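Q:
Dropping the structure here:
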């Protein structure tokens, strides 16, 4: 149990695809007994995925995690719906990548078609906003403190 250290152990199994849901649940319960702080049972997208998620969540007492694939059946659910089905932490691994790809294609299309970026300026971060978003001020502070 790492709850008092700020460190969290999320135990993961990908066994459901090969060995079935019951095997995934048995492994999840074993992870819980071994002291995991949370569980991630990888499930392939299918029509009844919420039923499987609920079965896993009901079988353990620690938080459950799920991947929300941008094009999968969970993507249209609100986070409160995921929580109601036993999910404490939802990971959206493709969200930013896909949104970034869309924005890049759109920005480059404007540059190609218009010959400038004027039409995009209202939808772009300034250099300062970009650096703040990346946490650059914190990195620079860290560098001053630790690197002199």
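Residue numbers (the working numbering): 1431 to 1578. A virtual CB, placed ideally from N, CA and C, is assigned to each residue, including glycine. Remember, predicted model here, so these are calculated numbers, not experimental data.
(1) Around the Cβ of residue 1496, are there at least 16 other Cβ atoms within 10 angstroms (buried) or fewer (exposed)?
(2) Would you kindly report the start and end of the unbroken alpha helix (DSSP H) that includes residue 1569?
(3) If you reduce the DSSP assignment to three classes, tell me which class residue 1541 lands in.
(4) In three-state DSSP terms, what is residue 1579?
(5) Which word fits residue 1525, buried or exposed, when buried means at least 16 other C-beta atoms lie within 10 angstroms of its C-beta?
(6) Do residue 1446 and residue 1472 have their C-beta atoms within less than 8 Å of each other?
(7) Return the Cβ separation of residue 1477 and residue 1503 in integer angstroms, given the expectation that the two are a contact with Cβ distance under 8 Å.
(8) Compute the Euclidean distance between the alpha carbons of residue 1571 and residue 1565, then round it to the nearest angstrom.
(9) Is the separation between the beta-carbon of residue 1486 and that of residue 1458 shorter than 8 Å?
(10) Of the choices 1479, 1468, 1543 and 1578, whose alpha-carbon is the least far from that of residue 1512?
(11) Can you tell me whether residue 1464 is helix, strand or coil according to DSSP?
(12) For residue 1501, which option in 1510, 1523, 1490 and 1492 has the closest C-alpha, if you only look at C-alpha atoms?
A: Well, looking at it:
(1) buried
(2) 1566-1577
(3) helix
(4) The chain is shown from 1431 up to 1578; residue 1579 falls before or after that span and cannot be answered.
(5) exposed
(6) Against a cut-off of 8 Å, the Cβ pair of residue 1472 and residue 1446 comes out as a contact.
(7) Correct: roughly 7 Å between the Cβ atoms.
(8) 10 Å
(9) yes
(10) Taking each of 1479, 1468, 1543 and 1578 in turn and checking the Cα distance to residue 1512, the smallest one comes out for 1479.
(11) coil
(12) Among 1510, 1523, 1490 and 1492, the Cα nearest to that of residue 1501 belongs to 1523.
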